[in-house]
Structures are given as structure tokens and as C-alpha cells.
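Novice: Mind having a look at this structure? Questions to follow.
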Amino acid sequence: MYVYDEFDRAFLAERVADFRDQVERRLSGALTEDEFKPLRLMNGVYLQLHAYMLRVAIPYGTLSSDQLRRMAHVARVYDRGYGHFTTRQNIQFNWIKLEDLPQAMADLGEVGVHGIQTSGNCIRNVTTDQWAGATPEEFDDPRIWAEILRQYSTFHPEFTYLPRKFKIAITAAPKDRAATKVHDVGLRLHRNEDGELGFEVLVGGGLGRTPFVGKSIRPFLPVRDILSYIEAIMRVYNQFGRRDNIYKARIKILVHEIGAEAFAEAVEAEWANIRDGALQLTDEIIDDIRARFLYPDFAAVEDQPAEMTAALEDPRFATWYRNSVHRHKVPGYSIVTISLKPVGAPPGDATADQMDVVADLADAYAFHEIRVGHEQNLCLPNVAQKDLPELWRQLDAAGLATPNVNHVSDIIACPGLDYCALANARAIPVAQEISKRFADLDRSRSIGRLHVNISGCINACGHHHVGHIGILGVEKNGQEFYQITLGGRADEHAQLGTLLGPAVSYDQVPGLIEDIVDAYLELRASPKELFVDTVHRLGVEPFKERVYATH
Amino acid sequence: MAAPQQQKLKVNGPVAVTANRLADGAVVWRTAAGGWSTALGDAAVVTTAPEAIALLEGAHKRDTDAVGAYVAPVILGDNGAVLPGNLRERIRVNGVTFELPASTLPAA
Ligand code: SF4
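So the protein lines, in turn, are chains E and C. If you read the first sequence in our numbering, its first letter stands for residue 59, the second for the next number, and so on. If you read the second sequence in our numbering, its first letter stands for residue 46, the second for the next number, and so on.
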């Protein structure tokens, strides 16, 4: 966990006091809505269909048990008893009253969390791998670098009014769990031939109306230069990014229009002026940030202890273990994913009681630490294997042990028309119905890894372009229709999906998805060939022929 | 999709003016008396663009009660009931279309 200092705490308290004053002035009429709206957005407060929504950042997806408990408290006291985890390592509260927001923010601020820069044309929450610091695959803990970027970008005056919002994601493992290739800037931490640590820098990725996979503009950037290089990118974007048309304002459009090479040249030219300046990170600064991350005091314990191997006799435990438990860098420990996708439930929602259960379990078995992944699931990154059976029993009792991680029912879905003021169509009920169709765990296991992503409009908060099956809600004559794409992926081989065919109505979607899956089972070269690989091998045509014939 | 507030006003049937209450964001409807009500049945229903514009202008005069006012389609039921005119408004009136997550844990 990162330990915040007095500066962070004092700063947050001041910010909450400002917001309290702004809300009072708004309610009294001293501020107009036009004056107030940008102020509330800067604090992560949106006005949705039926209520205000508060978006709170979970920096690099890391939460302490106290922070999660406080989120449960906010959900219970000011909201309707639940929160929604998003694809950008944020949590959203859907029903908070404006008059209660300052106090809710004060309560959150006490544990160091807030909604600042979760909205607006600024650098948003820097996201990373939810397995950071725990996976044996990584070159370094990416959160160190996310934290450095967080400190640098928070309230950076030059980047508070960018042409559009700006999202950065970091992976430090070859397996990309942070979707770095579909962010404005994606950073891939690795070592060069001399063993030095550095970043591959990708720019111009993003989803939404005009999706692109990010392009590599520098294969290796020494870590000490990360801030000056990001600053050079931001300056080029700030100077040349379009402000005349909101749909063309993201950096991806600039990179696409001038080309990655020309963009890289402009960045390098800008960087040459500043690379040796104040932004160069010294070992001292890096070590200081690194020292603020406290790592668990891992015990020297046996790998695969008898308590765990004995429990594997229980087929339910064994199923969960195989699905949700992953290898840790320390022998005798594991990383545990907690599915927030129980069959038939809204994806990514957790009730206040569930949040409390997870916080208590993190205290008992996981060194007080919880992570949030972009797939809208939670994670306990450091669990002793001997504790897994008891952890599982308690998760199971709280409805948090559905062994469907990475299966077809582990659906990513945005809030859609049930909450969102920008939506064309619903996303959550579509996800619920699909997950019910695949409730049979044996069937879903036999299908294997399959990501279904649903967005309620072209803004693509549900990352539909990079779903193995992507579902996009559109509106036709006042009715909900859905376009289906196949073959997208968000990992290190990121790719945008290909449109399958004409959009289908709301009622047709679940059946169509079943037909697509049946087609895959028929077409796959072997049970080892994943859905997305079958689509890449054959293209969408064979799917189209089979699926549309029956609809 | 552009939010209804940003769309050009077209009136081809009964409409009402709706907004969100400032203090809590609740869905409210403009009444004939120039106030706001959380009940769609209390809404002033009009059928022409000038009438709708007049309602909207009235709604915009004071922004401490409700915000983001726009013209929304409604349907008049047989018995004079006023019903939401599209899915978006149905959801705003009736709430989300699925069961909200229970605030308690599933029974053991
Ligand atoms: S994708 Fe569209 S509908 Fe879904 S949350 Fe984003 S803006 Fe709303």
C-alpha cells in the first residue's frame, strides 16, 4: 500500500471544504448551474438520468481495507447500499443527493480517496495491472510509476484544460491486464538488453466513436525520463490537438491525422528541450516514492501446503481454485480474483455488505489490501495458500465466489440506459440475460476464455470494440438495437473487433450470443483453441453464415 | 446520442417538460401552475412547439429548483393518464429495469 502524507490529507480536506461552500452557494442560488457544473465535474459529480452520480478514483486500482469499508459506508449512508466498479479502476455511486455530497466526500477524504480528475479534460486516474506487486511476471511494480505520474498530473496547471480527457495506463508484465494499447498513452515497462528499466511508449489508442489501437513511438525510454517525455507528449497534444470539434479532440485523432512518425518527431523535438531539466527523476525521488509502498511481511511458507491440497478434494473449491486463483511471486502465496459477476446480477456491482466482507477478509487473509481490475472484478493480491479454503468459504457465503473469471458470464458492461444520460440502449439487463443463459458452469468452462463487453452507446465505456464478443447499443426509431463485433481483444495483442452483420433487437441479443458460441464450439480446431483465436483464424464470415441463418 | 437537451425541438405529439431536481437529482415534471412535481400525472402536457417552448422558458427562469430541463414525449392513456413516451423516459419514471443489488448479503 502507498502511504499518503500530510500534504495529501490537508489538501483533500481543503478541497472538500471548497466543494461544501460551492454546493451551499449553488443551493442558495448564488451560483448558477452553468457556473456550478464545471466545479462539480472537477470533483467527479455527474448528473445522470435519475440522480447525481459520484465517481471516485481508485489510484492504480489499489485499496486498503479501511478505504473499501469507507466506500461501503458511503454506499449505505448516502446511496442505495451498493457501488459500481468501472472499467477504469473507479467506483461510482449512483444515487447520491447533491446536498449529501460534501459530507460523503469528507468521509472519503478521511481515508485519502476522492473524485478529483475523474471527469473533465484533464489527465484521469492512471490505471495499471491489478496484480501489480504480486505477479511473478512483472519487471517492476508498475504502481511506483503510476504514483509518480499521479503526483505529477494532479492539478498540473498546464494540463487542466486539455482539448479532451486523457487516460494513461501502465503494464509492467508482458501479459497486459491494463488494456494499455487502448489508452491515450500506454506504457509498457520492461528491461533493455543492458538490464535497464524503461518504458515502451504507445500513443493514440482509444475506443469511443473512432477507435484505434495505440502506436509505439518509442521502444525504450529510461524510467528517469518518464515525466519529461509525458510532458513533451502533452505539450504536442495541447498545441496541435483539435479544440474545434469534440469528436476529433482526442490525441488518437491527432496521431492518426499527422501519423505516428510525425507525432513522434514532434515529441522528440519538444523533449530535447526539457529532458535534462527539472522533470528528470533522480534516484532519490524514485526511492522515496518506492519507500512509501509498504509490502506485506510475507512469511517463509511452503508452496502448495497440505491445508490447500486437501481442500482440493472438494470439487466446488477445486473449481473456484482453478478459475480464480493465480500464481504469486512469493512461494506459498496466491493472487485471488473475486468475481463481481454472479449469474444474473449487474456486472461490477458490490453491495455495502459485500464490500465490508471483502474488507474484513482482506484484514484476515490478505494484508489489508484489495485491488480493482478493469474487468470490473476485485482482487486480493496477497493470500497465503493455506488460507484459501477458509477464504473461499467466506467469499462463497457472501455470493462472491462465482468461478466464472474470464468466462462468457464475466461480462464487462457499462451502466447503459438504466443510469446514463448519454445512453442509446441498456447494457446491464443484456448482460444479466446472457449470463443466465450460460449459468451452467460446466458449459461455460468448456467454452473457455471468452470476454463479452457491452456498451450502451458509442462512447464505449464497456470497451465493446475490444471484447472477444462486443455488443454496442444503438437506437433505431426509438427502439434499442445492438451491433455485434467479434475478435476484439484488449491484451498485449490488442485488436478491434469486426462487425458481424446487421444490428439485432434487444430480445434477440442473448440468443444470438448463444448461437455465436455454438458456432465457435463447432468451428474451433480443438478445445484448446480459444474463441478469439478461432475468429482470427477464420474471420467472422463462418460465424455470420451460421448465426444469421437462424435469426 | 446527444442528450435531449442538445437536440432540436420537434413536437409531433403530446409532450411535457422534465428536469432533475437540483437538491437530489430526482426526476421532476413541469406543472401547468409553473412548479415542479415528481409525478408525471401532474405534468402540463402540450402538443405544439410554441407551447413547449413557453413551458421550457418558464422552466429556465429559475434554476434553484430543477436543472437540465428539456421537452420529453409523453403518451396519453385512455383514462387521461399521462405515460412516458419512450424508453428513456420510462426508465426515468419507473426506475432501472432490473432489480437493484440487495443491500444485504444473500441468505447463507
Ligand atoms: S458507453 Fe455510453 S451509455 Fe455506457 S456509460 Fe458510457 S456514455 Fe453511458
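Glycine included, C-beta positions come from ideal geometry on N, C-alpha and C.
#1: Is the Cβ of Arg75 (chain C) closer than 8 Å to any Cβ of chain E?
#2: Which ranges does the beta strand (DSSP E) cover as unbroken runs of at least 3 residues, wholly within the stretch 522-562 of chain E, from first to last along the chain?
#3: Report the neighbours of Asn65 (chain C) on chain A: residues whose CB is nearer than 7 Å to its CB, in chain order.
#4: Can you tell me the Cα-Cα spacing of Gly528 (chain E) and Lys602 (chain E), whole angstroms?
#5: Quick one: what's Thr76 (chain C) bridged to in DSSP?
#6: Where does Ile116 (chain E) sit, in a helix, a strand or coil, going by DSSP?
#7: Which one of E:Glu342, E:Ser392, E:Asp346 and E:Glu371 has the shortest CA to CA distance from Ala357 (chain E)?
#8: Taking 8 Å as the CB-CB cut-off, is Thr149 (chain C) touching chain E?
#9: Just mark Val359 (chain E) as buried or exposed, buried being the case when its beta carbon has 16 or more other beta carbons within 10 Å.
#10: Please tell me whether Ala153 (chain C) has its Cβ less than 8 Å away from any Cβ of chain E.
#11: Could you check whether the Cβ of Ala403 (chain E) sits closer than 7 Å to any heavy atom belonging to ligand 1?
#12: Kindly identify the DSSP beta-bridge partner or partners of Ser122 (chain E).
#13: Counting pairs of Cβ atoms below 8 Å between the stretch 480-494 of chain E and the stretch 205-213 of chain E, do you hit three or more?
#14: Spell out the partners DSSP gives Thr186 (chain E) in its beta bridges.
#15: Residues of the stretch 78-96 of chain E in Cβ contact with chain C at a cutoff of 7 Å, in chain order, please.
#16: Could you check the C-alpha separation between Gly58 (chain C) and Asp576 (chain E) for me, to the nearest Å?
#17: Measure the CB-CB distance between Tyr477 (chain E) and Leu107 (chain E) and report whether it falls below 8 Å.
#18: Since Thr592 (chain E) is in the alpha helix (DSSP H), which residue starts that stretch and which ends it?
#19: Quick one: which residues of the stretch 481-497 of chain E get their C-beta closer than 9 Å to a C-beta of chain C? List them in chain order.
#20: Relative to the C-alpha of His214 (chain E), which candidate in E:Asp372, E:Asp198, E:Ile174 and E:Lys306 has its C-alpha closest?
#21: With DSSP collapsed to three states, give me the class of Leu449 (chain E).
#22: Are Thr218 (chain E) and Cys180 (chain E) close, meaning C-beta to C-beta below 8 Å?
#23: Is Pro439 (chain E) closer than 8 Å to Gly191 (chain E) when the C-beta atoms are compared?
#24: Assign Ala153 (chain C) to buried or exposed, taking buried as 16 or more other Cβ atoms, counted over all protein chains shown, within 10 Å of its Cβ.
#25: Looking at the strands, I want to know which residues DSSP matches up with His384 (chain E).
#26: Grab the span of the beta strand (DSSP E) containing Val103 (chain E) for me, first residue to last.
#27: Please confirm if the stretch 501-512 of chain E is in contact with the stretch 578-589 of chain E, defined as three or more CB-CB distances below 8 Å between the two stretches.
#28: Does the beta-carbon distance from Pro400 (chain E) to Thr460 (chain E) come in below 8 Å?
#29: Ligand 1 and Ala485 (chain E): does any heavy atom of the ligand fall closer than 7 Å to the residue's C-beta?
#30: How is Ser274 (chain E) classed by DSSP in three states: helix, strand or coil?
#31: Could you check whether the Cβ of Gly253 (chain E) sits closer than 7 Å to any heavy atom belonging to ligand 2?
#32: Consult DSSP for Tyr353 (chain E) and reduce its assignment to one of helix, strand or coil.
#33: May I have a chain-ordered list of the alpha helix (DSSP H) segments no shorter than 4 residues that lie completely inside the stretch 441-519 of chain E?
#34: Rank C:Arg107, C:Asp110, C:Ala111 and C:Arg75 by C-alpha distance to the C-alpha of Leu100 (chain C) and give the top, closest one.
#35: Between which residues of its own chain and Ser496 (chain E) is the CB-CB distance below 6 Å, once the five residues before and five after are set aside?
#36: At a cut-off of 7 Å, is Pro49 (chain C) close to ligand 1 when judged by its beta-carbon and the heavy atoms of the ligand?
Specialist: Short version:
#1: What you label residue 75 (chain C) is simply residue 30 of the second sequence in a count that begins at 1. Not one chain E Cβ lies under 8 Å of Arg75 (chain C).
#2: Those beta strand (DSSP E) runs which fall completely within the stretch 522-562 of chain E and span 3+ residues are 527-534 and 537-544.
#3: No chain A is part of this structure, whose protein chains are labelled E and C.
#4: As a working mapping, residue 528 (chain E) is identified with position 470 in the first sequence. As a working mapping, residue 602 (chain E) is identified with position 544 in the first sequence. Taking the straight line from one Cα to the other gives about 14 Å.
#5: Sequence index remark: in the second sequence, residue 76 (chain C) carries index 31 (1-based). According to the DSSP secondary-structure assignment, Thr76 (chain C) is paired through a beta bridge with C:Ala88.
#6: Counting from 1 along the first sequence, the entry for residue 116 (chain E) is found at position 58. Assigned with DSSP and collapsed to three states, Ile116 (chain E) falls in coil, not helix or strand.
#7: On the first sequence, position 299 is the one that residue 357 (chain E) refers to. With distances taken between Cα atoms, Ala357 (chain E) lies closest to E:Ser392.
#8: Translated into positions along the second sequence, residue 149 (chain C) becomes position 104. Note that Thr149 (chain C) scores 48 on pLDDT, short of 50, meaning its location in the model is unreliable; the coordinates nonetheless yield the value given after this. Contacts with chain E at 8 Å (Cβ-Cβ) include Thr149 (chain C).
#9: Reading the first sequence from its first residue, position 301 is the one you call residue 359 (chain E). With fewer than 16 other Cβ atoms within 10 Å, it is exposed.
#10: As a first step, residue 153 (chain C) is located in the second sequence; it is residue number 108 there, counting from the start. Note that Ala153 (chain C) scores 40 on pLDDT, short of 50, meaning its location in the model is unreliable; the coordinates nonetheless yield the value given after this. It does: the Cβ of Ala153 (chain C) has a partner Cβ on chain E nearer than 8 Å.
#11: Your numbering for residue 403 (chain E) matches position 345 in the first sequence. For ligand 1, no non-hydrogen atom lies closer than 7 Å to the CB of Ala403 (chain E).
#12: Within the first sequence, the letter at position 64 stands for residue 122 (chain E). BP columns for Ser122 (chain E) point to E:Glu427.
#13: With a cut-off of 8 Å, the stretch 205-213 of chain E and the stretch 480-494 of chain E do not count as touching, because too few Cβ pairs lie within range.
#14: Taking the first sequence and counting its residues from 1, the one referred to as residue 186 (chain E) is at position 128. When DSSP reads this structure, Thr186 (chain E) sits in a beta bridge with E:Ile228.
#15: Of all residues in the stretch 78-96 of chain E, the ones placed with a Cβ closer than 7 Å to any Cβ belonging to chain C are Leu85, Gly87, Thr90 and Glu91, in chain order.
#16: Start at 1 with the first residue of the second sequence, and residue 58 (chain C) comes out as number 13. Start at 1 with the first residue of the first sequence, and residue 576 (chain E) comes out as number 518. If I take the Cα positions, the gap works out to 45 Å.
#17: Here residue 477 (chain E) corresponds to residue number 419 of the first sequence, with the count starting at 1. Here residue 107 (chain E) corresponds to residue number 49 of the first sequence, with the count starting at 1. It is a contact, given that the beta carbons lie within the stated cut-off.
#18: Along the first sequence, one-based indexing puts residue 592 (chain E) at 534. Run containing Thr592 (chain E): Phe589 to Leu596, per the alpha helix (DSSP H) assignment.
#19: Against chain C - using a Cβ distance shorter than 9 Å - the residues of the stretch 481-497 of chain E are Ala481, Asn482, Ala483, Arg484, Ile486, Pro487 and Gln490.
#20: Residue 214 (chain E) sits at position 156 when you count from the first residue of the first sequence. The shortest C-alpha separation from His214 (chain E) is found at E:Ile174.
#21: By 1-based counting over the first sequence, the position of residue 449 (chain E) is 391. Of the three classes helix, strand and coil, the one that applies to Leu449 (chain E) here is helix, per DSSP.
#22: In the first sequence, counting from the first residue as 1, residue 218 (chain E) sits at position 160. In the first sequence, counting from the first residue as 1, residue 180 (chain E) sits at position 122. Between Thr218 (chain E) and Cys180 (chain E), the C-beta gap is smaller than 8 Å, which places the two residues in contact.
#23: As a working mapping, residue 191 (chain E) is identified with position 133 in the first sequence. As a working mapping, residue 439 (chain E) is identified with position 381 in the first sequence. The answer is yes: Cβ separation under 8 Å.
#24: Position 108 of the second sequence, counting from 1, holds the residue named residue 153 (chain C). With a pLDDT of only 40 at Ala153 (chain C), under the threshold of 50, the placement of this residue in the model should not be trusted, and no figure is reported.
#25: As a first step, residue 384 (chain E) is located in the first sequence; it is residue number 326 there, counting from the start. BP columns for His384 (chain E) point to E:Ile393.
#26: Along the first sequence, read from residue 1 onward, the residue named residue 103 (chain E) stands at position 45. Where Val103 (chain E) is concerned, the enclosing beta strand (DSSP E) stretches over Val103 to Leu105.
#27: When Cβ pairs closer than 8 Å are counted between the two stretches, the stretch 501-512 of chain E is seen to touch the stretch 578-589 of chain E, the count reaching three or more.
#28: Locating residue 400 (chain E) in the first sequence gives position 342, counting from the first residue. Locating residue 460 (chain E) in the first sequence gives position 402, counting from the first residue. Yes, Cβ-Cβ distance for Pro400 (chain E) and Thr460 (chain E) is below 8 Å.
#29: In the first sequence, the residue the question calls residue 485 (chain E) occupies position 427. Result yes, Cβ under 7 Å from ligand 1.
#30: Counting from one through the first sequence, the residue named residue 274 (chain E) turns up at place 216. Reduced to three states, the DSSP call for Ser274 (chain E) is strand.
#31: As presented, the structure is devoid of ligand 2, carrying ligand 1 as its sole ligands.
#32: Counting from one through the first sequence, the residue named residue 353 (chain E) turns up at place 295. Residue state for Tyr353 (chain E) is assigned as coil, using DSSP reduced to three classes.
#33: Runs of the alpha helix (DSSP H) inside the stretch 441-519 of chain E: 446-455, 486-495 and 499-505.
#34: Residue mapping note: residue 100 (chain C) aligns to position 55 of the second sequence, counting from 1. Of C:Arg107, C:Asp110, C:Ala111 and C:Arg75, the residue nearest in Cα terms is C:Arg75.
#35: Start at 1 with the first residue of the first sequence, and residue 496 (chain E) comes out as number 438. The displayed chain sequence assigns Phe, not Ser, to residue 496 (chain E). Contacts found: Val466, Ser467 and Ser502.
#36: As a working mapping, residue 49 (chain C) is identified with position 4 in the second sequence. It does not: the Cβ of Pro49 (chain C) is nowhere closer than 7 Å to a heavy atom of ligand 1.
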